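Asker: Heads up, the numbering used here is the position in the sequence shown plus 1, with the first residue counted as 1.
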Amino acid sequence: MNNYKGKVMAIGSLTFIMIFGNSMFVPVLPDMQIQWDLSSSKAGLILTAFSLAAAAVIPLTGYVARFFGKKGLAFAALMFVSFGCVLAVLSSLEFFSSAAFTVLLAGRVCQGIGAGFIAPLPFMFTGDIFSKELRPGVLGLIEVFNGLAKAASPFAAILAVQLGGNWLFFIYLSLAALSAFLITLNIRGQKRIKKSLPLREFNGLANRKIFTAFKKVFPYLILGGVTMCLLFGMLTFFSYKLEWIYGIDGIVKAVLFSLPLIAMTAASWLTGKYLKGRIFSSSLLLNVSAVLSVSVLTGGLFHQSLTALVTIMILFSIASGIFLVCCNLLITENVLKKDRDVILSFYSMIRFTGVAAGPPLFAIWMYEEGLMFAFSILTVAGVRVILVKNELKKNTLWQAEPGR
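(1) For alanine 421 versus phenylalanine 21, is the C-beta distance shorter than 7 Å?
(2) Rounded to whole angstroms, how far is the Cβ of phenylalanine 118 from the Cβ of alanine 77, which I believe are closer than 8 Å?
(3) Does aspartate 129 come out as helix, strand or coil in the three-state DSSP assignment?
(4) Among Leu243, Gly148, Pro361, Ala54, which residue has its Cα nearest to the Cα of alanine 309?
(5) Just to confirm the assignment: which complete alpha helix (DSSP H) runs, minimum length 4, are found wholly within the segment 97-141?
(6) Tell me the rounded alpha-carbon separation between methionine 350 and leucine 91.
(7) Shortest alpha-carbon distance to alanine 268 belongs to which of Cys327, Phe303, Leu160, Ser14?
(8) Under 7 Å Cβ to Cβ from arginine 71, same chain only, skipping five residues before and after it: list those, please.
(9) Can you tell me whether aspartate 250 is helix, strand or coil according to DSSP?
(10) Please name the residue, chosen from Gly273, Leu298, Ser296, that lies closest to leucine 286 on a Cα-to-Cα basis.
(11) How long is the line joining the alpha carbons of tyrosine 241 and glutamate 134, rounded to whole angstroms?
(12) Rounded to whole angstroms, what's the CA-CA distance from alanine 55 to isoleucine 114? Just pull it up for me.
(13) How would you label isoleucine 323, buried or exposed, when you count the other beta carbons within 10 angstroms and need 16 or more for buried?
(14) Excluding sequence positions up to five away, which residues of its chain have a Cβ less than 8 Å from the Cβ of isoleucine 223?
(15) If you follow the alpha helix (DSSP H) that lysine 72 is part of, which residue opens it and which one closes it?
(16) Given a cut-off of 7 Å on the beta-carbon distance, is the pair histidine 304 and isoleucine 315 in contact?
(17) My output table needs one value for phenylalanine 26: the three-state DSSP class, helix, strand or coil.
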């Protein structure tokens with residue numbers, strides 16, 4: 002199965018694992034808040050612990066990969082995820098009853114470390130394995146796996162809560178094992194660098210060599226992080242709103258919660274398909290999705306019904322899917338191959354930082370919906386202004402060394 006589809010499945014499974022680890026907790030946060038007797042902001046720590054741990058280790062990915070190779074690093078990261086699942090399950094034992102929440106957070110930190118090392122790998126594998134012509138389609142499919150993980154997670158979470166909270170981690174552990182199996186079958190190992198630079202020297206060299214490239218793609222790095230912050234923040238708001246305001250839970254909540262995520266998945270796939278051979282259209286699509294986001298969020302200031310809320314979430318998720326595919330492509334294709342690993346590591350770190358910031362921020366702001374939507378509108382508009390001011394010049398946008 003060592004072919005195009007097999008490689009995409011293996012790479013996509015890593016994205017699925019990375020996203021599923023946080024997404025499955027979003028729809029059941031209200032349940033966990035009641036179960037643990039937590040405040041809304043403290044319940045958000047279940048997501049934040051995972052995301053901050055991931056963001057902290059992501060910059061080390063390029064350096065660690067020099068020793069273990071990208072395939073070896075993928076296996077090591079999946080082991081961290083698995084250990085975190087075991088630790089989280091142990092937190093439910095009576096032996097840990099006095100420190101159950103602390104042990105659970107420790108398990109989430111371990112899972113986050115694994116997810117952090119995983120985060121840049123799909124983009125790195127795509128840049129290494131696939132030709133320039135195939136990359137837009139593969140990058141679009143990576144966001145499809147991203148969306149599938151978000152769409153599947155509500156159903157898995159609701160089912161797990163009904164069976165018992167530990168099933169969340171049994172499911173996650175099983176997915177990690179499946180990902181390891183797919184990587185074994187479809188991804189060939191790469192040569193390791195036997196003698197590597199000291200970490201301080203490696204970082205200094207990287208900073209000197211990629212500073213110019215980093216400046217060029219910086220607006221897109223920020224846009225990716227802001228998109229993830231707003232997306233996960235809005236999903237947290239959506240979860241609480243469905244359960245606390247409209248009294249919707251169980252399978253009905255899972256279905257409604259999955260609708261915007263399915264829409265995002267479809268938008269990601271169609272965007273990647275459209276951009277194949279049309280990479281210069283990325284800037285146009287960014288403009289379209291920015292206008293859509295601002296329009297939808299403005300509508301959020303006036304929504305008064307469940308139908309309006311679901312429609313807002315669907316349209317905002319579509320805009321987010323377009324944003325992320327365009328950012329992935331513009332960053333991957335505008336960076337020289339020798340600098341790509343470091344840049345993509347920072348990109349993944351910024352995305353995870355956005356994921357970490359969104360839920361606790363929106364858990365506080367959701368009590369003042371007007372302020373929440375106004376902040377979101379200003380954020381999208383502000384980032385778009387930065388993009389316009391720093392737009393990459395078309396005559397230099399796609400220049401790179403041979404073998405990019």
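Built from N, CA and C at the ideal position, the CB exists for glycine as well. Remember, it's a predicted structure, so these values are computed and weren't measured experimentally.
Answerer: A quick look at the data gives this:
(1) In the structure as shown, the chain starts at 2 and stops at 405, and residue 421 therefore has no counterpart that could be examined.
(2) 7 Å
(3) Aspartate 129 falls in the helix class under three-state DSSP.
(4) Leu243
(5) 101-119, 122-130
(6) 29 Å
(7) Cys327
(8) Per the sequence presented here, residue 71 reads as lysine, with arginine not at that position. Closer than 7 Å at Cβ, skipping near neighbours: Leu122, Met125, Phe126, Gln191.
(9) DSSP, read as helix, strand or coil, puts aspartate 250 in coil.
(10) Gly273
(11) 43 Å
(12) 5 Å
(13) buried
(14) Ile351, Val384, Ile387
(15) 62-91
(16) no
(17) In the structure shown, phenylalanine 26 sits in coil (DSSP, three-state: anything other than H, G, I, E or B).
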